[in-house]
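Chains as they are written, first to last, in our numbering: chain A, 354 to 423; chain B, 3 to 221; chain C, -10 to 210. The beta carbon of each residue, even a glycine, is placed where N, CA and C say it ideally should be. Everything numeric in this text was worked out from a predicted model, so none of it was measured. Below is one structure, written out as structure tokens, with a few remarks after it.
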Amino acid sequence: MKKLVYLMLFMLSGTVVQAQDFEMADVMRSNGQIYVVVAIILIVLLGLFTFLFTLERKIKRLENKLNDKK
Amino acid sequence: MGVFELIRKDFLLELRRKSVIAGLGLYLFSLVFICYLTFNLRVNTINAMTWSALFWLVILFSVVNSVAKSFIGERKGVLIYYYTVASPQQIILSKIIYNSALCLLISVSGYILFSIFIVNPVQDHLVFFSALVLGSLGLSTSLSIISGIASKGNNSNVLMAVLSFPVVVSILLMTIRVTKNAVDGIERAASTDEILNLLAINCIAAALGYILFPYIWRS
Amino acid sequence: MKKTWWKILAIVLLVYVHIGGLLFAVPRLRIHETIRSLYFHVPMWFGMTFMFLISVVYAIRYLVTSSKEDDIRSVEFANVGTAFGVLGMLTGMVWAHYAWGLFWHGDPKQVGAAIALLVYLAYFVLRSSFQNQEQRARLSAVYNIFAFASMIPLIFIIPRLYSSMHPGDDGNPAFNAYDLDGRMRLVFYPAVIGWFFMGLWISSLRIRYRALNEKISETEL
């Protein structure tokens, strides 16, 4: 468990110094704007998943209905 | 009835009708002539890439026209006759061999026409002819099978074009590359990869056709 | 196929991928932050290949069993695979516009993928041109096998013969230059698995819908 926490910290720690540095969106990360983007994308994803689940429930209900008829 | 009789029958039927060969020849000739006129080659010259692409396009169009007939044009009676005398494997093998021969004939005469009317820039003849042979084999194999599928559909001519184009694209891309290498006279090691790929594609197409044709044929 | 655990797994993985893909550190390379599109663009192609693979397996099975269900499965997996392919194409075009300045750059990988998609569109055209259900299923199964066989060289062989500006050009179709980086693998592999399960899920829904349709039309007759 401790190892996992260290791994997460390592991944979140961000910048790794390299010989050649290219411009990245570091500002967006440091002032926390990126979390807004992440939140929005997550909402869209979760909405999509709930949609799929309800669709599946509808199909299941139809299947049961048909099987009962027989 | 064996494979050879079927091939012999195809040749006899086609050659007896002189209009078929004459029509094909004229078609090829007009295609080459159109290329000659549109590129205004009396004053202009074309580079290696254009030459190989044009060459293979002309070959493709004439081959599609002749090979497409192999199943689409047949009358119902002939098809029923086939069912009774031969197994599907024999039929597809004979069609592939016959179409390959026809295709080779077309491509060689296309080459001759190209060298008369346009130019003959080929430097490495061995590589060029291996591309010619492998390309014709690949085109005729895959087109024969596609024509078998398309002949069962509703509007088979449109279907033939739609189904065949994407399948032959990979063969065409390879042959055009090899041809360009042959035209430029680059060392042979540069084209071996493509030639091996072509060979592999041919083998796969022929094997698939041989295995799957019974399923197309049944009905 | 009706179990729920792998759907939950897909959701967990994809949520993780979308958080990690945007927040975790990535190598600072010449393509800047757009390296992150690897997490979202490349799994589409993996998903497409897997879906087409399953589709061709069912096509072969159809030729052996001649059961209508195998035909429906084959079509629906091809359908979802095509959807993945279109998404991969569109995301790739957006990136191409950023990196190369044009939506359609004519890169060998772009062209190969476009032709592969055309093959599968031809498959759907073929299906629509038969009236007889049995004949349609049989011939389209045969063409499906051909389509898969011609997709392999178009996506995996021909692009390697040409020089390309696509990232990871040395060998692997997608991401050779970066896959040495362990941090990216930690997000990339879950993304591939997550989208694969998503594809399975959507296809299974479509298959069940089609099966219901068949049953209803049978009872009406």
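Unbroken alpha helix (DSSP H) run spanning residue i, endpoints
| i | result |
| --- | --- |
| B:K182 | S158 to D186 |
| C:K23 | The question names Lys, but residue 23 of chain C in the sequence shown is Thr. Careful: C:T23 lies outside any alpha helix (DSSP H) and carries neither H nor E. |
| C:P97 | P97 to S117 |
| B:P216 | A191 to W219 |
| B:N67 | A50 to V69 |
| B:L150 | Note that residue 150 of chain B is Gly in the sequence shown here, rather than Leu. H127 to A152 is the extent of the alpha helix (DSSP H) around B:G150. |
| C:Y87 | K57 to A88 |
| C:E209 | G171 to E209 |
| B:I36 | K20 to T40 |
| B:Q91 | P90 to F119 |
| C:S139 | Q122 to I141 |
| A:L405 | Q386 to K422 |
| A:R382 | D379 to S383 |
| C:V6 | W(-6) to L12 |
C-beta contact flag for residue i and residue j at 8 Å
| i | j | result |
| --- | --- | --- |
| C:F41 | B:L210 | no |
| B:S142 | B:N199 | no |
| B:T194 | B:W58 | no |
| C:V45 | C:F137 | yes |
| C:G77 | C:A102 | yes |
| A:L395 | C:V31 | no |
| B:A50 | B:D186 | yes |
| B:A103 | B:S144 | no |
| C:F39 | C:G188 | yes |
| C:P179 | C:V64 | no |
| C:I104 | B:V171 | yes |
| C:H80 | C:M33 | In the sequence as displayed, the identity of residue 80 of chain C is Thr instead of His. Yes, the pair counts as a contact, with Cβ atoms nearer than the cut-off. |
| C:L115 | C:Y87 | no |
| B:V60 | B:C105 | no |
| A:I393 | C:L11 | no |
| B:S146 | B:I98 | yes |
| B:P90 | B:P216 | yes |
| B:L161 | C:S118 | yes |
| C:M82 | C:V108 | no |
| C:S153 | C:K98 | yes |
| A:M377 | C:E58 | no |
| C:I24 | C:P16 | yes |
Amino acids of chain C, ordered along the chain, whose beta-carbon sits closer than 7 Å to that of residue i
| i | result |
| --- | --- |
| B:S32 | Chain C residues near B:S32: none, gap ~28 Å exceeds 7 Å. |
| A:I396 | Within 7 Å Cβ-Cβ: nothing; A:I396 doesn't reach chain C, min ~11 Å. |
| B:S172 | S139, P142, L143 and I147 |
Option in the options with minimal Cα separation from residue i
| i | options | result |
| --- | --- | --- |
| B:A2 | B:C37, B:Y83 and B:N159 | For residue 2 of chain B there is no data in the structure shown, the boundaries of chain B being 3 and 221. |
| A:I412 | C:T208, C:R197 and C:K204 | C:R197 |
| B:T52 | B:I147, B:N183, B:I188 and B:A202 | B:N183 |
| C:W89 | C:P156, C:S193 and C:W34 | C:P156 |
| B:V121 | B:E196, B:V5, B:P168 and B:V34 | B:V34 |
| B:G112 | B:S138, B:Q91, B:T47 and B:Q125 | B:S138 |
| A:R410 | C:E207, C:K204 and C:S193 | C:S193 |
| B:G27 | B:F13, B:G4, B:N67 and B:D12 | B:N67 |
| C:L150 | B:I148, B:I114, B:V180 and B:F130 | B:V180 |
| C:F66 | C:S55, C:A48 and C:V83 | C:A48 |
| B:I197 | B:Y84, B:S153, B:S166 and B:L136 | B:L136 |
| B:S149 | B:F73, B:V164 and B:L174 | B:F73 |
| A:K418 | C:S206, C:I8, C:L201 and C:E209 | C:L201 |
| C:G171 | C:F13, C:L(-2), C:W(-5) and C:K(-4) | C:F13 |
| B:L165 | C:A85, C:E209 and C:L128 | C:L128 |
| C:R19 | A:G385, A:L401, A:S383 and A:F375 | A:F375 |
| C:I191 | C:W84, C:Q99 and C:F73 | C:F73 |
| B:K155 | C:S153, C:K57 and C:Q124 | Lys is not the amino acid found at residue 155 of chain B; the sequence shown has Gly there. Closest option to B:G155, Cα to Cα, is C:Q124. |
8 Å Cβ cut-off: residues of chain C touching residue i
| i | result |
| --- | --- |
| B:D195 | L150 |
| B:I120 | Chain C residues near B:I120: none, gap ~26 Å exceeds 8 Å. |
| A:V390 | L11 |
| B:I151 | L115, L128, V131 and Y132 |
| B:L175 | I147 |
Partner residues on chain B for residue i, Cβ-Cβ distance less than 7 Å
| i | result |
| --- | --- |
| C:S118 | G155, N156, N157 and L161 |
| C:F135 | V169 and L210 |
Where residue i meets chain C, residues with beta-carbon distance less than 9 Å
| i | result |
| --- | --- |
| A:F404 | Within 9 Å Cβ-Cβ: nothing; A:F404 doesn't reach chain C, min ~11 Å. |
Cross-chain neighbours of residue i in chain A, by beta carbon under 8 Å
| i | result |
| --- | --- |
| C:E22 | M377 and A378 |
| C:I146 | In chain order: nothing, as chain A lies at least about 33 Å away. |
| C:Y198 | I412 |
| C:H7 | V391, I394, L395 and L398 |
Contact set between residue i and chain A, taken where Cβ atoms lie within less than 7 Å
| i | result |
| --- | --- |
| C:W190 | L405 |
| C:V4 | L395 and L398 |
| C:I0 | F402 |
Legend entry - Residues in the segment 200 to 219 of chain B having any Cβ partner in chain D nearer than 7 Å: Considering every chain present, this structure includes no chain D. Its protein chains are A, B and C.
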